[in-house]
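Number of protein chains: 2
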Amino acid sequence: MPLGPVFACEECFGPLEIAYDFSGYDTEKLRARIEAGPANIWRYAPLLPVPADVADKPNINPGWTKLVKADRLAAELGVTGGLYVKDDSGNPTHSFKDRVVAQALEAARAFGFTTLSCSSTGNLAGAVGAAAARAGLRSCVFIPHDLEQGKVVMAAVYGGELVGIEGNYDDVNRFCSELIGDPAGEGWGFVNVNLRPYYAEGSKTLAYEICEQLGWRLPDQLVVPIASGSQLTKIDKGLRELIELGLVEDRPYKIFGAQAEGCSPVSTAFKAGHDVVRPQKPDTIAKSLAIGNPADGPYVLDIARRTGGAVEDVDDERIVAAIKLLARTEGIFAETAGGVTVGVTKKLIEAGVLDPALTTVVLNTGDGLKTLDAVAGTGLTATIRPNLDSFREAGLA
Amino acid sequence: MPLGPVFACEECFGPLEIAYDFSGYDTEKLRARIEAGPANIWRYAPLLPVPADVADKPNINPGWTKLVKADRLAAELGVTGGLYVKDDSGNPTHSFKDRVVAQALEAARAFGFTTLSCSSTGNLAGAVGAAAARAGLRSCVFIPHDLEQGKVVMAAVYGGELVGIEGNYDDVNRFCSELIGDPAGEGWGFVNVNLRPYYAEGSKTLAYEICEQLGWRLPDQLVVPIASGSQLTKIDKGLRELIELGLVEDRPYKIFGAQAEGCSPVSTAFKAGHDVVRPQKPDTIAKSLAIGNPADGPYVLDIARRTGGAVEDVDDERIVAAIKLLARTEGIFAETAGGVTVGVTKKLIEAGVLDPALTTVVLNTGDGLKTLDAVAGTGLTATIRPNLDSFREAGLA
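Quick mapping for you: the protein sequence lines, in order, are chains Y and L.
Its first residue numbered 3, the first sequence is counted upward by one per residue in my numbering.
Its first residue numbered 3, the second sequence is counted upward by one per residue in my numbering.
Right, here's the structure in full:
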């Protein structure tokens, strides 16, 4: 089937995925080409559904974010095999969404779409607004009309259309599906609906970067957040591609999925030994992961079981504690989703599920500046008068 | 005079600056070494006051931020010679302060200091907190006790001491000077006071990166924000070093300084033809530039005049308009300081002072997420009911 703006099989209605033919590649030539490429995701252009000249087009060029060797966090958690944080808050709009939107943008351009669109309550809105602005495409982002003012500003500043829908997030999504099926939606690329197969491929770049930054080596263990589950499945796909291409040694790795207790349908299914995921009504501070009916949940269960990993969840209190732990030990201020992965890592080590003697990579997919409310209780450690006596009295010397 | 934690001449009380002996360098070997270095400021370690193994020590490793070719902004401003935005919001704590704090941290380590400190009302507090956390140093940041809660959270999350001083920012600074002179301050490194000569050198890396990212070429024109003026003087120093080292061709460049109208002591002096800068009481939304008595003001005047540049200011309305212009054309959400540089660039082009036919680099030194209030008026472009009729009525099709 040729590439096109299609996202579901016409016969079984299942989601479509992009396939590659890697048979013609020379491993060392490919490695050299990647290493000589730009310091962004386009260094991996040969492994992505993008044109060869992609790096020359106006795009926000996300990726090649820091893989931080987290020695102080490792010491606190008792990890001896090497602990790393893949910190995607370094992306242009400070979340991993820039990776996936950058792919969708190139697909939109290839298909001649004129409007880049999505429904969102957060990170995705900013990523779409910024990417469309850079490319000179119109953008139109749909959000619930009563979203908090701070989030509205972060999405509105890029100057595209920002449409409030009178209803909740489910109403917004239903409306978007209706629009895609209507002539009014012609020329519209919804990054995570009709462009989803391209969009989703962007998450593979997390796997590529982690391995290249480790010196073309697979980590033993990865801890990945689960919202729809797409990111985790694509990271697995990326790792398998690197093995197939001979860019890394073929040896076992384990993928661990992380959810918030208040939205833990995949974790619940994993622990119960189920193959299907029962939807939940989300109630957690980790809003960027709050998808109660994750489309890729069953695939996540497969991957966790096949690789010998697990899926675990942590409550809001542990999420906040983990945000502070990461900030205090490594100077990384993570979004609530980063609190979930660090919190789950800690919990899995304590439970003896994650092996502290193995190389472990934990993902932070967003920026704490976007979820300040989660740590709003943090404040001054002392208040003094502007003189040395007051300073000494406070025990600060 | 040997390197040490001294910041003022014992005879004239003037500020001290770090000098280098570049006479032994082979240009092409140095270039190759830089290009093979890490994707952060430590690629320039030979040109900085840091140990040779600096990249192996725990530091937040800022720098190597994007130099964005801003073609859509250029079209709006009528720039034909190539317009670039050096986007320092990509640093670990999302401002250029990470560059200077990273230097101060290495100096603190070298001098055996155990506490990293500063006074701040914003970006610097986060940069110090994060850098100290990564390095495992104690941090103690002093702020006015009545700072807005959001800014307190951004500084407090890294877990160091965060001390509120009962008084205004001037009281905070006076207290810090007192502490440095007292035995109670022994072992304390104030990044921008007793470590200032090291701290300030970090700004040179902006010049290095811009030239390397342009293909080892000097830009014709640079637009740089002015707070204390230190950043601008160090960018000039960095450019001159690259010429001296033979890494770029020796040809003229012009440096333009940018201030907010509500805190424009240097711009006022420049326009009046004065050599001295008369202090002002700041009143502007560009809080990160609101230094009414800029220590390096006279040096900035010298550089603007020597290079054929200028110093200009823009009012708050133009700052906000420029933030939106940059976001709408390039997908970059800048702090108010970025609104100042983009706004001044526009004003200088309109006035015929900046030549649109020349290659121009504009600095964005911070992140819009930290000054959301400036664009708080931005909002929904439409509100509709969740159906296609309502969508069509709103004229969105």
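Positions of the beta carbon are idealized from the N, C-alpha and C atoms, including for glycine.
Checklist entry - Going straight from the alpha carbon of Pro60 of chain L to that of Ala137 of chain L, what length do you get? => result As a first step, residue 60 of chain L must be located in the second sequence, where it is residue number 58. As a first step, residue 137 of chain L must be located in the second sequence, where it is residue number 135. Each residue's alpha carbon lies about 5 Å from the other.
Item to check | CB contact below 8 Å: Met156 of chain Y versus chain L | outcome: Walking along the first sequence from the start, residue 156 of chain Y turns up at place 154. Yes, Met156 of chain Y counts as interfacial toward chain L.
Checklist entry - Under 8 Å between C-beta atoms, does His147 of chain L make it to chain Y? => result Your numbering for residue 147 of chain L matches position 145 in the second sequence. At least one chain Y Cβ lies under 8 Å of His147 of chain L.
Checklist entry - So, is the C-beta of Lys68 of chain L closer than 8 Å to a C-beta in chain Y? => result For this step, residue 68 of chain L is matched to residue 66 along the second sequence. Yes, Lys68 of chain L counts as interfacial toward chain Y.
Item to check | Distance between beta carbons of Ala339 of chain Y and Ser290 of chain Y, contact taken as under 8 Å | outcome: For the purposes of this step, residue 290 of chain Y is taken as the residue at position 288 of the first sequence. For the purposes of this step, residue 339 of chain Y is taken as the residue at position 337 of the first sequence. Indeed, because the Cβ distance is near 5 Å, the residues count as touching under 8 Å.
Checklist entry - Using 8 Å as the Cβ pair cut-off and three pairs as the minimum, do the region 370 to 389 of chain Y and the region 5 to 12 of chain L touch? => result no
Checklist entry - Just reading off the alpha helix (DSSP H) that His172 of chain L is part of, what are its end residues? => result On the second sequence, position 170 is the one that residue 172 of chain L refers to. What sits at residue 172 of chain L in the sequence shown is Asp, not His. Here the alpha helix (DSSP H) through Asp172 of chain L covers Tyr171 to Ile182.
Next on the checklist: I'd like to know whether the C-beta of Lys326 of chain L is nearer than 8 Å to at least one C-beta of chain Y.
Outcome noted: Indexing the second sequence from 1 puts residue 326 of chain L at position 324. Cβ-Cβ to chain Y under 8 Å: yes for Lys326 of chain L.
Checklist entry - Are there three or more Cβ pairs, one per stretch, closer than 8 Å when the region 225 to 244 of chain L is compared with the region 291 to 299 of chain L? => result yes
Item to check | Beta-carbon proximity check, Thr207 of chain Y vs Ile334 of chain Y, cutoff 8 Å | outcome: Numbered from 1 along the first sequence, position 205 holds the residue referred to as residue 207 of chain Y. Numbered from 1 along the first sequence, position 332 holds the residue referred to as residue 334 of chain Y. Cβ distance not < 8 Å, so Thr207 of chain Y and Ile334 of chain Y don't count as in contact.
Next on the checklist: Just to confirm before moving on: does the CB-CB distance between Thr362 of chain L and Val250 of chain L stay below 8 Å?
Outcome noted: Taking the first residue of the second sequence as 1, we reach residue 362 of chain L at position 360. Taking the first residue of the second sequence as 1, we reach residue 250 of chain L at position 248. For Thr362 of chain L and Val250 of chain L, no; Cβs fall outside 8 Å.
Checklist entry - For the candidate residues Y:Leu69, Y:Thr95, Y:Phe98 and Y:Gly26, whose alpha-carbon lies nearest to that of Lys88 of chain Y? => result One-based indexing of the first sequence puts residue 88 of chain Y at position 86. Checking every option, the nearest Cα to that of Lys88 of chain Y belongs to Y:Leu69.
Item to check | Same chain, Cβ closer than 7 Å to Val322 of chain L, five either side skipped, listed in chain order | outcome: The residue labelled residue 322 of chain L in the question sits at position 320 within the second sequence. Hits under 7 Å: Gly341, Ala376 and Val377.
Checklist entry - Around the C-beta of Glu211 of chain Y, are 16 or more other C-beta atoms found within 10 angstroms, so that it is buried, or is it exposed? => result Along the first sequence, read from residue 1 onward, the residue named residue 211 of chain Y stands at position 209. By the neighbour-count criterion, in which a residue is buried when 16 or more other Cβ atoms sit within 10 angstroms of its Cβ, Glu211 of chain Y is buried.
Next on the checklist: Going by beta-carbon coordinates alone, are Gly83 of chain Y and Pro388 of chain Y separated by less than 8 Å?
Outcome noted: One-based indexing of the first sequence puts residue 83 of chain Y at position 81. One-based indexing of the first sequence puts residue 388 of chain Y at position 386. Pro388 of chain Y sits away from Gly83 of chain Y, with the two beta carbons spaced by 8 Å or more.
Item to check | C-alpha gap between Cys265 of chain Y and Gln282 of chain Y, whole angstroms | outcome: Numbered from its first residue, the first sequence carries residue 265 of chain Y at position 263. Numbered from its first residue, the first sequence carries residue 282 of chain Y at position 280. Taking the straight line joining both Cα atoms gives about 7 Å.
Checklist entry - Listed in chain order, which residues of the region 44 to 65 of chain Y have Cβ atoms closer than 9 Å to some Cβ of chain L? => result Pro60, Ile62 and Asn63
Checklist entry - Which parts of the region 28 to 103 of chain Y are runs of the alpha helix (DSSP H), unbroken and 4 residues or longer, counting only runs that do not cross its ends? => result 29 to 37 and 73 to 79
Checklist entry - Sorted by chain position, which residues of the same chain lie with C-beta nearer than 6 Å to Phe393 of chain L's C-beta, five sequence neighbours on each side aside? => result Stepping through the second sequence from its first residue, residue 393 of chain L is reached at position 391. Closer than 6 Å at Cβ, skipping near neighbours: Ile386.
Checklist entry - Nearest to Gly80 of chain Y by alpha carbon, out of Y:Lys349, Y:Gly26 and Y:Asp252? => result Here residue 80 of chain Y corresponds to residue number 78 of the first sequence, with the count starting at 1. Ranked by Cα distance from Gly80 of chain Y, the first of Y:Lys349, Y:Gly26 and Y:Asp252 is Y:Lys349.
Checklist entry - In chain order, what residues of the region 357 to 370 of chain L put their CB closer than 8 Å to some CB of chain Y? => result Asp369 and Gly370
Checklist entry - What in chain Y is Cβ-close to Tyr160 of chain L, meaning under 8 Å? => result Stepping through the second sequence from its first residue, residue 160 of chain L is reached at position 158. By Cβ distance, chain Y contributes Ala329, Arg330, Gly333 and Phe335.
Checklist entry - How is Ser121 of chain Y classed by DSSP in three states: helix, strand or coil? => result For the purposes of this step, residue 121 of chain Y is identified with residue 119 of the first sequence, where counting begins at 1. It is a strand residue.
Checklist entry - How many Å lie between Ala109 of chain L and Tyr22 of chain L at the Cα? => result The residue labelled residue 109 of chain L in the question sits at position 107 within the second sequence. The residue labelled residue 22 of chain L in the question sits at position 20 within the second sequence. CA-to-CA, the gap between Ala109 of chain L and Tyr22 of chain L works out to about 16 Å.
Checklist entry - Out of curiosity, what's the CA-to-CA distance linking Ala104 of chain L and Ile62 of chain L? => result Reading the second sequence from its first residue, position 102 is the one you call residue 104 of chain L. Reading the second sequence from its first residue, position 60 is the one you call residue 62 of chain L. The straight-line gap from Cα to Cα measures roughly 7 Å.
Checklist entry - What are the start and end residues of each continuous beta strand (DSSP E) run of 3 or more residues lying completely inside the region 174 to 252 of chain L, in chain order? => result 190 to 192 and 223 to 227
Checklist entry - Is there a Cβ from chain Y that is less than 8 Å from the Cβ of Val302 of chain L? => result Your numbering for residue 302 of chain L matches position 300 in the second sequence. Not an interface residue.
Item to check | Contacts that Glu163 of chain Y makes with chain L (C-beta to C-beta distance below 8 Å) | outcome: Here residue 163 of chain Y refers to the residue found at position 161 when the first sequence is read from its first residue. Near Glu163 of chain Y (Cβ distances below 8 Å), the residues of chain L are Thr383, Ala384 and Leu398.
Next on the checklist: According to DSSP, Ile386 of chain L sits in a beta bridge with which residue or residues?
Outcome noted: Against the second sequence, residue 386 of chain L aligns to sequence position 384. For Ile386 of chain L, which the question treats as bridged, DSSP gives the partners Y:Ile167.
Checklist entry - Phe9 of chain L by DSSP, collapsed to three states: which one? => result One-based indexing of the second sequence puts residue 9 of chain L at position 7. It is coil, neither helix nor strand.
Checklist entry - Hey, would you say Val313 of chain L sits closer than 8 Å to Val302 of chain L, going by beta carbons? => result Here the question's residue 313 of chain L lines up with position 311 in the second sequence. Here the question's residue 302 of chain L lines up with position 300 in the second sequence. Cβ atoms of Val313 of chain L and Val302 of chain L: closer than 8 Å.
Checklist entry - By the 10 Å Cβ neighbour count, where 16 or more other Cβ atoms means buried, how is Cys14 of chain Y classified, buried or exposed? => result Along the first sequence, read from residue 1 onward, the residue named residue 14 of chain Y stands at position 12. Looking at its Cβ environment, which holds fewer than 16 other Cβ atoms inside 10 Å, Cys14 of chain Y is exposed.
Next on the checklist: Output needed in chain order: residues of the region 164 to 190 of chain Y with a Cβ under 8 Å from some Cβ in chain L.
Outcome noted: Leu164, Val165, Gly166, Ile167, Glu168, Gly169, Asp173, Val174, Arg176, Phe177, Glu180, Leu181, Asp184 and Ala186
Next on the checklist: Give me, in chain order, the residues of the same chain whose beta-carbon lies closer than 8 Å to that of Asn366 of chain Y; leave out the 5 immediate sequence neighbours on both sides.
Outcome noted: Within the first sequence, the letter at position 364 stands for residue 366 of chain Y. So the list reads Val87, Lys88, Asp89, Asp90, Ser91, Leu328, Ile334, Ala336, Glu337, Ala339, Gly340, Thr343 and Val344, once near-sequence residues are dropped.
Item to check | Cβ-based neighbour list, Ala384 of chain L, same chain, cut-off 6 Å, excluding 5 preceding and 5 following | outcome: The residue labelled residue 384 of chain L in the question sits at position 382 within the second sequence. Excluding positions up to five away in sequence, the list reads Ala396.
Next on the checklist: Here's the rule: buried if 16 or more other CB atoms are within 10 angstroms of the residue's CB, otherwise exposed. What is Ser25 of chain L?
Outcome noted: If you number the second sequence from 1, residue 25 of chain L lands on position 23. Exposed.
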